[in-house]
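In the numbering used here, the protein residues as written are 177 to 464. Built from N, CA and C at the ideal position, the CB exists for glycine as well.
Structure representation (structure tokens):
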């Protein structure tokens, strides 16, 4: 599997109020394979949002480089717009960025900017609506008449409709109820599967990261602290705690149980796996 993203020695500095140069991102390097789902975690101010805004050229590095499919995205600055079609970025609370009169027009906005018209444009919008679960009867509705979760889906669909090879989402489940969170997670999975896309997700929700991500990238103080499998990252609970993060709730519950029953495993990070494990434990006790 080839690398679709390569970040080499990325640094980004900005001037603070006191005219002091601060490093928002410092010497960050990593690669992402095509088709992966990468969770990006870190406490507030760790550099997560600054990092992802570099990946589609919204920010230009102070030094270092970003390559998409082997090509430095700033090699031809006049073509940076093409990178933004290839690397789609969904900001936090994207529903606040809806602006068109109808759901169809809002979703079609990006593809129109790519030059799609007529049946090709309609087909593109219908195709992505099947992925995100938006019914055709919604097309002529005002997006502002929809529920919060529906608005979120429309806004995400507007980026997905450009069919980016890399989809980046900044806190896509923030503020949603459990049902809305599950819907967004399934949308991301379907998009990855149907378009063979690579997905990067910034999130504070460790439970969802445990379920969704293939690997976790941990930022701390503008630097890359860890980049490993979900299992290996969450196995370092003490190290995560020192930088203001935590493991999933189910793992914390198992740690509490282990205080009374020393043989209990704590290397379990999803509710489904925990239920299965505890049922097996219970069955083992009853057979004893």
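Identify, in the order they occur along the chain, each residue of the same chain with its Cβ nearer than 7 Å to the Cβ of residue 370, setting aside the five sequence neighbours on each side.
Your numbering for residue 370 matches position 194 in the chain shown. Cβ neighbours of residue 370 beyond the five flanking positions: 307.
By Cβ distance, which residues of its chain are closer than 8 Å to residue 273, with the 5 residues on each side in sequence left out?
As a position in the chain shown, residue 273 is number 97, starting the count at 1. Exclusion of the five residues before and after residue 273 leaves 267, 331 as the residues of its chain whose Cβ lies within less than 8 Å of its Cβ.
CA nearest to the CA of residue 223, picked from 405, 398, 428:
Here residue 223 refers to the residue found at position 47 when the chain shown is read from its first residue. Out of 405, 398, 428, 398 has the C-alpha closest to the C-alpha of residue 223.
Under 8 Å, do residue 406 and residue 392 count as touching if we go by C-beta distance?
By one-based count along the chain shown, residue 406 stands at place 230. By one-based count along the chain shown, residue 392 stands at place 216. Yes; because the gap between Cβ atoms is below 8 Å, this pair is in contact.
Just to confirm the assignment: which complete beta strand (DSSP E) runs, minimum length 3, are found wholly within the stretch 192–237?
For secondary structure counted as the beta strand (DSSP E) over 3 or more consecutive residues, the stretch 192–237 holds these complete runs in sequence order: 197–209, 213–217.
Residue ranges of each beta strand (DSSP E) within the stretch 355–400, 3 or longer:
Listed in chain order, they are 374–378, 391–396.
What does the Cβ neighbour count give for residue 463, buried or exposed, with the cut at 16 atoms within 10 Å?
In the chain shown, residue 463 corresponds to position 287, counting from 1. Because the pLDDT of residue 463 is 49, which lies under 50, any placement of that residue in the model is unreliable, and the number read from its coordinates should be weighed accordingly. So residue 463 counts as exposed.
So which of 374, 424, 263, 396 has the shortest CA-CA distance to residue 220?
By one-based count along the chain shown, residue 220 stands at place 44. Nearest option by C-alpha distance: 396.
Between the C-alpha atoms of residue 244 and residue 250, what's the straight-line distance to the nearest angstrom?
Mapped onto the chain shown, residue 244 falls at position 68. Mapped onto the chain shown, residue 250 falls at position 74. For residue 244 and residue 250, the distance between alpha carbons rounds to 10 Å.
Assuming the contact rule is C-beta atoms closer than 8 Å, residue 179 and residue 204 should be a hit. Round their C-beta distance to whole Å, please.
Position 3 of the chain shown, counted from the first residue, corresponds to residue 179. Position 28 of the chain shown, counted from the first residue, corresponds to residue 204. No, residue 179 and residue 204 are not in contact; Cβ-Cβ is about 15 Å, not under 8 Å.
Contact check, residue 377 vs residue 181 under 8 Å by CB: the rounded distance?
Counting from one through the chain shown, the residue named residue 377 turns up at place 201. Counting from one through the chain shown, the residue named residue 181 turns up at place 5. Taking C-beta atoms under 8 Å as the contact rule, residue 377 and residue 181 fail to qualify, at a distance of about 14 Å.
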